[in-house]
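Visitor: I'd like to ask some things about the structure below.
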Amino acid sequence: ASPSNLTTVNSLSFVENKNSNVNDGVNDNENVTTLHKKIWRRCMEFCMNNYFLLLILAAILLAYAYPPLGAKYLAPRITATWIAVIFIFILTGLGLKTEEFANALKRMYFNIFVQAFNFGVVSVIVYGFSRLMRHVGALSQTLADGMVICSCLPLTINMVMVLTKSSGGDEASAAINAALGNVLGIFLSPLLVLMYLGVNGQGASLGTIFLKLTLRVLVPIIVGQVLQKFCSPVVEFVKKYKKHFKKVQEYCLVFIVYTVFCRTFYDGASNSVGEIFSMIGFQFVMICCVMCLAWILLKIIFPHKPQLHVMGLFGCTHKTMAMGIPLINSIYDDSPLLGSYTLPLLIWHPMQLFIGSALAPHLMSYVVRNQESCNDTSIEIEDGGEDLQSEILESGN
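All residue numbers for the sequence shown refer to the working numbering, where the first residue is -7 and numbers rise by one.
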């Protein structure tokens, strides 16, 4: 080959290599950009799916940054203790469809089991465990009492419905038990708390506590029920703007948590980091224990009914934040230890969601696997069941 041809070939090879390097650099930049977009999308999805919990965390951090704002200047004993709580329970009354409770008779024994386990068995186990941890010095008195208060609360509504559906459980039973549990919780939760802990030396008599609960909880729910029965324009208005009302209800809960922790930090009664991590560990142990026990009993008492097993697993062990925080705030509104009483619930609530979400695909496989070998596992939702679910979901978390 002539020198000129060799020079031409070398020049072409150099250009090709240069172009290849440029393309590789462009591809690398595109890959990095794509990776950044994926990470950003995942982060946004996480924030959207957990925005309520993130708001709770932000509220606690803001309370720690400047406690006097929520402890004094925002008048928490009026805005949080009365206005926010009453608003939440009026919406609860508007959403509860008590006339549908007749459907609970269709599986009366199962529904009784779920409610008895959620209120009775869970509270007994947690009470015994918290007293043991207190006796050995692993837990402070206030956090031990907070664990008991959390265990006396009713089950969630939205979370139980969503996890039951995603796990292949009986959605109709989930709807009935969620609504029934929250109605029972209005009366049973305060009674259980006072039975286990007493008035707890806060200077308030038993009559005063029940008067506050009547005015802040029972009366607003009755008002909501009356509006639901006799004021259809209000019901239609709430249904039309249901998403907005749900957001306002959640913001009210966040505001209550914010003022609770502002008062806690302001009074110097906050918990140490070690106590918080200990509480996370204790609550995880408690959730796992009661879920295992509920699962065993459900399989023994209700054999060959995998869909009921799944629904019962969530219904027996979940605790509501939507009703729990206002109830705790109503009982212990004058206590400087209110933040410590609320902390165990703030840990239990997201933990039950994470555990339930992790178990959902395995429970779905369990239902599918067992349906073929069971004679009585096909649980159908009756005509109008979907409407019932959507109506009960309006009552909150």
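Virtual Cβ for every residue (Gly too), placed ideally from N, Cα, C. Bear in mind the structure is a predicted one, so any value in this text is a computation, not a measurement.
Could you have a look at residue 333 and say whether DSSP puts it in helix, strand or coil?
Guide: In the structure shown, residue 333 sits in a helix (DSSP, three-state: H, G or I).
Visitor: Which whole runs of the alpha helix (DSSP H) in the region 26 to 97 are 4 residues long or more, in chain order?
Guide: Taking only runs of at least 4 residues, the alpha helix (DSSP H) segments lying wholly in the region 26 to 97 are 43 to 57 and 77 to 87.
Visitor: Whose CA, out of 136, 206, 122 and 166, lies closest to the CA of residue 330?
Guide: For residue 330, the nearest C-alpha among the options comes from 136.
Visitor: Counting Cβ pairs closer than 8 Å, one from the region 307 to 324 and one from the region 119 to 129, do we hit at least three?
Guide: The region 307 to 324 vs the region 119 to 129: no contact.
Visitor: Identify, in the order they occur along the chain, each residue of the same chain with its Cβ nearer than 6 Å to the Cβ of residue 303, setting aside the five sequence neighbours on each side.
Guide: Result list for residue 303: 156, 161, 162, 165 and 166, in chain order.
Visitor: Assuming residue 298 contacts residue 77 (C-beta within less than 8 Å), just tell me the rounded distance between them.
Guide: So it is not a contact: roughly 39 Å between Cβ atoms.
Visitor: What would DSSP say about residue 137, mapped onto helix, strand or coil?
Guide: Residue 137 falls in the helix class under three-state DSSP.
Visitor: Would you call residue 32 buried or exposed, if buried means 16 or more other Cβ atoms sit within 10 Å of its Cβ?
Guide: Residue 32 should be labelled exposed.
Visitor: In whole angstroms, what separates the C-alpha of residue 59 from that of residue 178?
Guide: So the alpha carbons of these two residues sit roughly 31 Å apart.
Visitor: Report yes if the CB atom of residue 57 is closer than 8 Å to the CB atom of residue 248, and no otherwise.
Guide: Going by C-beta atoms, residue 57 is not nearer than 8 Å to residue 248.
Visitor: Do residue 187 and residue 345 have their C-beta atoms within less than 8 Å of each other?
Guide: Going by C-beta atoms, residue 187 is not nearer than 8 Å to residue 345.
Visitor: For residue 294, which three-state DSSP category applies?
Guide: The answer is coil: DSSP assigns residue 294 none of H, G, I, E or B.
Visitor: Roughly how many whole angstroms lie between the Cα atoms of residue 293 and residue 235?
Guide: When rounded, the distance between both Cα atoms is 39 Å.
Visitor: Three or more beta-carbon pairs under 8 Å between the region 240 to 255 and the region 111 to 118, yes or no?
Guide: Output reads no: the region 111 to 118 does not touch the region 240 to 255.
Visitor: Could you tell me the alpha carbon to alpha carbon distance between residue 217 and residue 27, rounded to whole angstroms?
Guide: Straight-line Cα distance between these residues: approximately 52 Å.
Visitor: Need the endpoints of the alpha helix (DSSP H) that residue 254 sits in, please.
Guide: Residue 254 -> alpha helix (DSSP H) spans 234 to 258.
Visitor: Which residue marks the beginning of the alpha helix (DSSP H) containing residue 151, and which one marks its end?
Guide: Per DSSP, residue 151 belongs to the alpha helix (DSSP H) from 150 to 158.
Visitor: If you drop the 5 nearest sequence neighbours on each side, which residues of the same chain put their C-beta closer than 6 Å to that of residue 143?
Guide: Contacts found: 114, 115 and 118.
Visitor: Where residue 82 and residue 264 are concerned, what is the direct C-alpha to C-alpha distance, given to the nearest angstrom?
Guide: Distance between the alpha carbons of residue 82 and residue 264: 36 Å.
Visitor: Note down the Cα distance separating residue 110 from residue 69, rounded to an integer number of angstroms.
Guide: The alpha-carbon atoms of residue 110 and residue 69 are separated by roughly 31 Å.
Visitor: Going by DSSP, what residue range makes up the alpha helix (DSSP H) through residue 175?
Guide: 163 to 189 is the span of the alpha helix (DSSP H), which, as asked, contains residue 175.
Visitor: Can you have a look at residue 360 and say buried or exposed, based on whether 16 or more other CB atoms are within 10 angstroms of its CB?
Guide: Burial call: exposed.
Visitor: Is the beta carbon of residue 62 sitting closer than 8 Å to the one on residue 335?
Guide: Result no, Cβ atoms of residue 62 and residue 335 do not sit closer than 8 Å.
Visitor: Would you say residue 147 and residue 312 are within 8 Å of each other, going by their C-beta atoms?
Guide: Yes, the Cβ-Cβ distance between residue 147 and residue 312 is below 8 Å.
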